[in-house]
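Remember, my numbering sits 643 above the position in the sequence shown when you count from 1.
Here a beta-carbon is modelled for each residue, glycine too, at the ideal position from N, C-alpha and C.
Just so it is clear, the structure is predicted and the values come from calculations on it, not from any experiment.
To start, the structure under review is shown below, and the notes come after it.
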Amino acid sequence: MELLRFTTAGSVDDGKSTLIGRLLFDSKAIFEDQMEAIERASIRSGGEDVNLALLTDGLKAEREQGITIDVAYRYFATPKRKFIIADTPGHIQYTRNMVTGASTANAAIILVDARHGVLEQTRRHTYIASLLQIPHIIICVNKMDLVDYKEEVFEQIKADVEDISSKLSVKDVRYVPISALVGDNVVTRSEKMEWYDGPTLMYLLENLHIGSDLNRSDFRMPVQYVIRPQSKEYPDYRGYGGRVVSGSLNVGDTVKVLPSGFTSKVKTIDLFKDSLKTAFAPQSVSVQLEDDIDISRGDMLVKETNGHEPVIGQDIDVMLCWFNDRKMVPRGKYTLRQTTSEMRCMVKSVDYKMNINTLEKDSDDLDVGMNDIVRVKLRTTKPLFFDSYNVNRNTGSLVLIDESTNETVAAGMIV
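Written as structure tokens, this is what we have:
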């Protein structure tokens, strides 16, 4: 079955957790004991109805304050698809959590409160979704029951969001008027919004075309591990294990090994005990080559027949989201991890900071603190093989790690 990863975003109290609770409840994806637990928790908190937001808000602080703080992952399936949901916080100070939750998503559901319309956070989350190259964005205008299901309210919000998205590189934007609390247009169609003739949210999620979201043309396989069983059954086996992050590979194809540049033909492709003729993203496989080449973790197999190979360089331009309480150190040194390679790097310069609320570049204030999104130049200690993030999300992404504390301080998208 096809797997769809999606994330929710929106301002505080827009109803993200309630929407996910409603999706799970109406699609019969909640176990009886889970339902009983949230019913008891709802009574304890003094609520009149069952609070479906408690399905995802599991932290004690989240339940006490009625807000989402950390990214919560939920899994469910329908007869058509499997889903992984990342419920991300709406508060400005948790921008980094949204970046983390959205980095692997096929789709982003951005909620807008029908009473308040488009807010700063809507702009912020739409910008982050475009920065992370999320292919599909669904704008859910929530709490339509509180504005008497008026069509003009929905149309006004739709026009405001289209004004924002026209300035960003957003490929596919859909709009759905819903009420997460009551269930209008979430899984079942609403009888109170006859003016809306589009699909329900669940229908959209089940039928979004995600086959072309992955880069199918450029073969990239970062090597994770050299597999040498040296057993009686496999005395001379030497396989290179890793995940195919984009493109496909066939037995007999000629591959190039980076950084050495040596080439060889594919002898076998193994998936556990099975031998494959073809491997494609996102399979994890072991590849045997016809020639003995010195290959180790951090190297990358690419296909020569491709239109273009990865860029190899030590000076990279990156859009960074800063995660840490401690500010970025000018010309500071950090550990850089990208695919399976690890090296040290230095922040050569900060070009500008992004003002997410106005979508303008600020070249004057270059002090980088938590949740800031900035463009920087990095210099690495050894060559990096990469594609730009908008071509390949896997080889174009990286993280920076503080060498003294081992904390992940930033996530980056290579420009």
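- Taken in chain order, the complete beta strand (DSSP E) segments of 3 or more residues contained in the stretch 743 to 822 are 750 to 756, 779 to 785 and 815 to 820.
- Per DSSP, the unbroken alpha helix (DSSP H) holding Lys659 starts and ends at Lys659 to Asp669.
- Proximity to Arg871 across Gly854, Asp935 and Ala715 peaks at Asp935, based on C-alpha coordinates.
- Going by C-alpha positions, Tyr880 is about 15 Å away from Ser939.
- By the Cβ-count criterion, Thr1024 is exposed, with fewer than 16 other Cβ atoms from all chains shown falling within 10 Å of its own Cβ.
- Restricting attention to Thr897, Ala772, Gly895 and Arg1022, the CA atom closest to the CA of Arg974 is found in Arg1022.
- Nearest neighbour of Lys976 by Cα position, chosen from Met997, Lys1020 and Leu944, turns out to be Lys1020.
- Per DSSP, the unbroken alpha helix (DSSP H) holding Asn850 starts and ends at Leu844 to Asn850.
- Here Thr1048 is exposed, its C-beta having fewer than 16 other C-beta atoms within 10 Å.
- Nearest C-alpha to Ile912 among Gly904, Thr1038, Gly882 and Gly890: Gly882.
- For Ser889, there is no enclosing beta strand (DSSP E), since its DSSP letter is neither H nor E.
- Taking the C-beta atoms as reference points, Asp788 is found nearer than 7 Å to Val825.
- When secondary structure is reduced to three states using DSSP, Met989 falls in the strand class.
- Inter-residue distance for Gln873 and Phe966 is about 43 Å (C-alpha atoms, whole angstroms).
- If you draw a straight line from the Cα of Ile853 to the Cα of Thr983, it is about 26 Å long.
- Judged by their CB atoms, Asn740 and Thr747 are not nearer to each other than the 7 Å cut-off.
- For the set Glu876, Val930, Ala924 and Pro925, the Cα lying nearest the Cα of Lys899 is the one of Val930.
- Using a Cβ distance threshold of 7 Å, Leu775 and Ala745 count as a contacting pair.
- The beta-carbon separation of Ile782 and Val755, rounded to 6 Å, stays under the 8 Å limit for a contact.
- The continuous beta strand (DSSP E) containing Met943 extends over residues Met943 to Lys946.
- The straight-line gap separating the alpha-carbon atoms of Ile752 and Arg886 is approximately 28 Å.
- For Arg739, the secondary structure class from DSSP, reduced to helix, strand or coil, is helix.
- In this structure, the CA atom of Ile1016 is about 11 Å from the CA atom of Asp1010.
- Residue nearest to Ala922 within the set Ser903, Glu834, Val945 and Val784 is Val945 (criterion: CA-CA distance).
- The shortest CA-to-CA distance from Asn1033 to any of Phe668, Glu985, Glu1046 and Met962 is the one to Met962.
- Under the three-state reduction of DSSP output, Glu1003 falls in the strand class.
- Here Gln981 is buried, its C-beta having at least 16 other C-beta atoms within 10 Å.
- In the structure shown, the three-state DSSP call for Leu901 is strand.
- Lys835 has its alpha-carbon roughly 10 Å from the corresponding atom of Ile821.
- Bridge pairing for Asp960: Lys1020 [DSSP].
- Between the alpha carbons of Gly941 and Tyr846 lies a gap of roughly 41 Å.
- Sorting Val829, His768 and Val888 by C-alpha distance to the C-alpha of Arg859 places Val888 at the top.
- Here the alpha carbon of Gly1039 sits roughly 40 Å from the alpha carbon of Arg832.
- The beta carbon of Arg1036 sits closer than 7 Å to those of Gln776, all from its chain and outside the five residues before and after it, given in chain order.
- In this structure, Thr651 is the residue among Thr651, Pro953, Glu794 and Met989 with its C-alpha nearest to the C-alpha of Tyr716.
- DSSP places Ser654 outside any beta strand (DSSP E), giving it a letter other than H or E.
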